[in-house]
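Inspection log for the structure reproduced underneath, given as structure tokens.
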Amino acid sequence: MARMRKSRGESLLLRYLVLGSWALVCLLPILWFGTIALRPRTEIVTPQPIYWPTWSLDAWHLLMSDWPIALYLRNSVLAVGGSVIIDLILAIPAAYALARYDFKGREDIGFYILSTRMMAPAIVAVPIFFLFKSVGLLDSIWALMLIYAAINLSLVTWIIRSYMLDIPKELEDAARTDGAGDLRILWEIIIPACLPGIITAAVIAAIFAINEFLFTLLIASTSGAYTMSVALANFTGGSDGVIYNAIALVSFIAFVPVLILVILIQKHLSRGLTMGAVKG
Amino acid sequence: MASIRLENIVKRYGAFTGVQNMSLDIADEEFLVLLGPSGCGKTTTMRMIAGLEMPTEGNIIIGGEVVNDIDARDRDVAMVFQGYALYPNMTVYENIRFPLRMRRVPASDQDRMVRTAADMVELGAFLDRKPGALSGGQRQRAALARAVVRQPQVFLMDEPLSNLDAKLRQSMRVQIKHMQRQLRITTVYVTHDQIEAMTLADRIVIMNKGAIQQVGTPDQIYTDPANTFVAGFIGGPPMNLIEGTATGGRFTAPGVNAPCPANLSGRITLGIRPEDCTVGGGQVQGLVYGVEPTGDVTYLSVLAGTKQVEVKAARDFRSDIDVPITIGFDPARLYFFGADGQRIRGGA
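From first to last, the protein sequence lines are chains W and C.
Numbers in the working numbering are just positions in the first sequence, counted from 1, shifted up by 3.
Numbers in the working numbering are just positions in the second sequence, counted from 1, shifted up by 363.
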């Protein structure tokens with residue numbers, strides 16, 4: 004026979020091979036970071052590739068002895084977590100109103116909210132600095148919370164709004180005839196029904212916030228408000244030169260909480276992202 | 364328990380009139396069906412009774428009280444929706460309990476009431492499931508249980524069976540009717556399916572283009588249609604409506620020649636139900652267009668001129684197509700409609 008059907012085992016092997024290679028490509032940067040973090044400084048900057056590196060915990064010891072990395076991590080988590088909570092508290096009712104209530108200028112208000120995202124952050128950097136200075140919020144994680152929340156609010160509102168538009172109006176009609184008021188409907192029907200969307204929006208906001216650099220640099224001047232993203236920058240200057248292995252390790256430390264978060268909510272997130280994608 | 368009265372209800376959306384000047388009395392404990400094609404205003408009418416839409420003009424009176432300004436949540440009305448509208452995040456039990464919680468029914472009574480309602484629709488074994496894990500019929504029964512659980516004054520059902528397959532629809536129909544008789548709750552039921560309307564209703568309201576065409580019992584609607592719209596909407600297959608000319612006591616159209624009252628003249632429409640036609644006889648001369656055996660009866664289509672005439676023939680009737688055939692009309696069962704579509708009373 005000229006054509007033989009591939010056995011089931013073979014096709015499965017091929018599939019794993021393709022998927023495995025693709026996974027490797029995707030994971031390569033992370034693995035690379037991992038190896039840099041675990042190698043001595045001298046070995047990282049050699050021009051020749053080193054296939055069998057010497058492992059060392061130099062970077063770890065440096066971080067632990069010279070840098071309050073736990074504090075930075077705490078600052079990041081608090082500022083990001085707080086900002087996401089603020090975003091959700093403000094965005095959910097706003098999204099509901101934009102999705103459901105019929106009022107004059109609804110489209111304009113929706114577009115205005117989105118347009119705040121279109122502005123280049125550098126334009127407002129200086130005014131924001133003076134604004135926070137005048138209210139005495141410089142170098143405070145409260146300020147970071149507010150700024151992160153402000154940056155992401157429009158995005159969070161729009162993502163959640165698009166989910167709410169997908170919820171059948173019948174559900175609300177049913178709840179209303181069952182005797183529920185507006186707040187009750189929002190709380191008991193709408194929010195649970197668009198939970199995947201809310202989680203998606205929260206994760207995206209958290210990722211943007213944890214990577215925020217410009218405003219954090221502006222507001223934070225001491226380790227009291229330094230976050231991981233700004234701490235990273237501190238390894239690149241000064242008399243010690245660029246400390247690559249420490250940078251890699253800090254990046255790793257910043258990356259792990261997000262990774263854990265994403266794994267925990269993976270089910271909702273993939274549903275959320277595809278739903279949004281189909282809807283456009 | 365309550366009667367419902369609609370007084371000169373008008374509903375406009377901008378320039379479009381959804382419901383025009385509708386007045387209707389629905390008796391206590393009555394099962395009333397609003398029947399009509401999609402877009403005829405029947406669902407809008409129901410939503411106004413529920414309080415989900417406000418009438419532009421007119422009054423809605425439930426149990427003697429004008430409820431125009433009363434919010435849906437405070438009208439004691441329960442509604443079953445076409446898409447079931449079960450809360451996806453709650454179990455069947457929580458779904459059924461929801462209206463009780465909202466109306467602050469004492470917690471001690473809630474469990475008993477939920478179980479009674481669930482048993483009534485035979486869902487007792489599925490209380491822990493989420494709606495996503497139920498079949499279409501089970502979802503619809505859960506929606507019914509949620510509506511009956513608090514014993515509302517009025518039941519509203521918006522095409523509750525249209526998402527079910529034909530077999531399930533038949534058994535749910537019987538269940539709904541049984542439940543309504545058992546609970547004796549005034550019910551308004553919206554459908555575009557004339558079989559549902561005929562089988563369920565105490566009275567049928569036929570609507571078209573936002574206006575009532577006829578109100579009556581299923582028998583009245585069937586045997587005494589007020590106009591061509593009603594005649595053509597009810598019955599399966601519906602009444603044959605043949606446009607032609609009346610002169611000197613004869614009605615003529617291409618291929619058709621039938622008796623008519625001598626006082627009729629000019630352009631009129633003759634109506635005859637398929638079961639009042641017989642194979643053989645002299646009123647129609649045409650060609651067999653198609654034969655559809657269904658088991659207990661055979662439907663025959665005859666092409667007379669350019670018009671197809673439907674005939675309910677004997678169950679064993681068979682024929683090839685394009686064979687010449689004659690059809691007779693039962694002269695006592697002829698209906699005549701004027702050029703405006705309204706029935707001309709007086710009979711043949």
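Just so you know, even glycine gets a beta-carbon here, dropped at the ideal spot from N, CA and C.
Of all the options the options, which has the alpha carbon lying nearest to the alpha carbon of residue i?
{"i": "W/G75", "options": "W/A97, W/K270, W/Q269 and W/T219", "result": "According to the sequence shown, residue 75 of chain W is Tyr rather than Gly. Closest option to W/Y75, Cα to Cα, is W/T219."}
{"i": "W/L60", "options": "W/A153, W/E110, W/D105 and W/R42", "result": "W/R42"}
{"i": "C/D528", "options": "C/Q501, C/P617 and C/Y376", "result": "C/Q501"}
{"i": "W/M67", "options": "W/A152, W/I256, W/L264 and W/P260", "result": "W/I256"}
{"i": "C/K374", "options": "C/D659, C/G643, C/K405 and C/E392", "result": "C/K405"}
{"i": "W/L262", "options": "W/L117, W/L30 and W/E175", "result": "W/L30"}
{"i": "C/I459", "options": "C/D434, C/E428, C/Q514 and C/P418", "result": "C/Q514"}
{"i": "C/G427", "options": "C/T407, C/F700 and C/E370", "result": "C/E370"}
{"i": "C/D388", "options": "C/N603, C/A677, C/D437 and C/I575", "result": "C/I575"}
{"i": "C/P637", "options": "C/Q671, C/M409 and C/Y447", "result": "C/Q671"}
{"i": "C/G701", "options": "C/G649, C/T689, C/Q383 and C/E606", "result": "C/E606"}
{"i": "C/L650", "options": "C/V430, C/S682 and C/A448", "result": "C/S682"}
{"i": "W/L81", "options": "W/I207, W/W145, W/S226 and W/F258", "result": "W/W145"}
{"i": "W/I88", "options": "W/A205, W/L101 and W/I163", "result": "W/A205"}
{"i": "W/D181", "options": "C/R706, C/M385, C/A589 and C/D434", "result": "C/D434"}
{"i": "C/M385", "options": "C/G377, C/Q646, C/V455 and C/M409", "result": "C/M409"}
{"i": "W/I47", "options": "W/A152, W/K270, W/L34 and W/Y247", "result": "W/Y247"}
{"i": "C/N620", "options": "C/G611, C/M602 and C/G645", "result": "C/G645"}
Quick test of your reading: residue i and residue j, contact by CB under 8 Å. State the CB separation rounded to the nearest angstrom.
{"i": "C/E485", "j": "C/R466", "result": "So it is not a contact: roughly 25 Å between Cβ atoms."}
{"i": "C/V440", "j": "C/G421", "result": "So it is not a contact: roughly 18 Å between Cβ atoms."}
{"i": "C/E714", "j": "C/R547", "result": "Nothing about residue 714 of chain C can be read from this structure; chain C reaches only from 364 to 711."}
{"i": "W/T239", "j": "W/V245", "result": "5 Å"}
{"i": "C/I688", "j": "C/V665", "result": "6 Å"}
{"i": "C/I569", "j": "C/Y585", "result": "About 11 Å; that fails the 8 Å criterion."}
{"i": "C/D521", "j": "C/M417", "result": "No, C/D521 and C/M417 are not in contact; Cβ-Cβ is about 18 Å, not under 8 Å."}
{"i": "C/P694", "j": "C/P622", "result": "6 Å"}
{"i": "W/E173", "j": "C/F444", "result": "5 Å"}
{"i": "W/A178", "j": "W/I192", "result": "5 Å"}
{"i": "C/T549", "j": "C/A365", "result": "6 Å"}
Give the straight-line distance between the Cα atoms of residue i and residue j, rounded to the nearest whole angstrom.
{"i": "C/F379", "j": "W/A123", "result": "46 Å"}
{"i": "W/G279", "j": "W/E215", "result": "The predicted position of W/G279 is uncertain, since its pLDDT is 44 and thus under 50; a value taken from the coordinates is nonetheless stated next. About 24 Å."}
{"i": "W/S194", "j": "W/Y104", "result": "Rather than Ser, the amino acid found at residue 194 of chain W in this sequence is Ile. Taking the straight line from one Cα to the other gives about 16 Å."}
{"i": "W/M4", "j": "W/S10", "result": "Residue placement at W/M4 is poorly supported in this model, since its pLDDT is 49, which falls under 50; the coordinates still yield a value, given next. Answer to the nearest angstrom: the Cα atoms are 15 Å apart."}
{"i": "C/Q557", "j": "W/G184", "result": "36 Å"}
{"i": "C/S534", "j": "W/L189", "result": "36 Å"}
{"i": "C/G599", "j": "C/P581", "result": "14 Å"}
{"i": "C/Y698", "j": "C/L633", "result": "6 Å"}
{"i": "C/A677", "j": "C/G691", "result": "14 Å"}
{"i": "C/M744", "j": "C/V477", "result": "Outside the modelled stretch of chain C, which goes from 364 to 711, sits residue 744 of chain C, for which no answer is possible."}
{"i": "C/G402", "j": "W/I266", "result": "48 Å"}
{"i": "W/C197", "j": "W/M167", "result": "6 Å"}
{"i": "W/S157", "j": "W/L217", "result": "19 Å"}
{"i": "W/L284", "j": "W/S24", "result": "Outside the displayed span of chain W (4 to 283) sits residue 284 of chain W, for which this structure offers no information."}
{"i": "C/I631", "j": "C/T419", "result": "37 Å"}
{"i": "C/V512", "j": "C/P462", "result": "8 Å"}
{"i": "W/A94", "j": "C/Q543", "result": "44 Å"}
{"i": "C/I367", "j": "C/Q516", "result": "10 Å"}
{"i": "W/A40", "j": "W/A62", "result": "7 Å"}
{"i": "W/G283", "j": "W/M121", "result": "Confidence at W/G283 is low in this model, with a pLDDT of 31, below 50, so the placement of that residue should be treated as unreliable; the coordinate-derived value is given next. Those two C-alpha atoms are separated by around 18 Å."}
{"i": "C/G710", "j": "C/P588", "result": "Note that C/G710 has pLDDT 47, beneath the 50 cutoff, so the model's placement of it is unreliable and no number is given."}
{"i": "W/V281", "j": "W/S165", "result": "Caution applies to W/V281, whose pLDDT of 39 falls short of 50 and renders its modelled position unreliable; the model cannot decide the point."}
Could you tell me which chain W residues have their CB closer than 9 Å to the CB of residue i, listed as they occur along the chain?
{"i": "C/G526", "result": "According to the sequence provided, residue 526 of chain C is Asn. The question's Gly does not apply to it. Chain W residues near C/N526: none, gap ~12 Å exceeds 9 Å."}
{"i": "C/A413", "result": "D176, R179 and T180"}
Note down, in chain order, every chain C residue with its Cβ under 7 Å from the Cβ of residue i.
{"i": "W/I192", "result": "Y450"}
{"i": "W/G184", "result": "R436"}
{"i": "W/A196", "result": "P451 and N452"}
Along chain W, which residues have their Cβ under 8 Å away from the Cβ of residue i?
{"i": "C/F444", "result": "E173, D176 and A177"}
Taking C-beta pairs closer than 7 Å, name the residues in chain W that residue i reaches, listed in chain order.
{"i": "C/V440", "result": "T180"}
{"i": "C/R466", "result": "G182"}
{"i": "C/F461", "result": "D181"}
Mind listing the chain C neighbours of residue i? Cutoff is C-beta to C-beta under 8 Å, in chain order.
{"i": "W/A73", "result": "Those within 8 Å of W/A73 in chain C number zero; the least Cβ separation is about 38 Å."}
Using a Cβ-Cβ cut-off of 8 Å, state whether residue i counts as contacting chain B.
{"i": "W/L60", "result": "Included in the structure are the protein chains W and C, with no chain B among them."}
If we require 3 or more residues per run, which beta strand (DSSP E) segments fall completely within the stretch 621-690 of chain C?
Segments of the beta strand (DSSP E) lying fully in the stretch 621-690 of chain C: 629-635, 640-656, 661-667 and 670-676.
Within the stretch 534-567 of chain C, note down every full alpha helix (DSSP H) run reaching 4 residues or more, in order along the chain.
The alpha helix (DSSP H) runs lying completely inside the stretch 534-567 of chain C and spanning 4 residues or more are 557-563, given in chain order.
Which residue spans inside the stretch 56-131 of chain W form an unbroken alpha helix (DSSP H) run of at least 4?
Within the stretch 56-131 of chain W, the complete alpha helix (DSSP H) runs of at least 4 residues fall at 61-69, 72-103 and 109-118.
Beta strand (DSSP E) segments (min. 3 residues) lying fully within the stretch 466-528 of chain C:
You should have 517-521.
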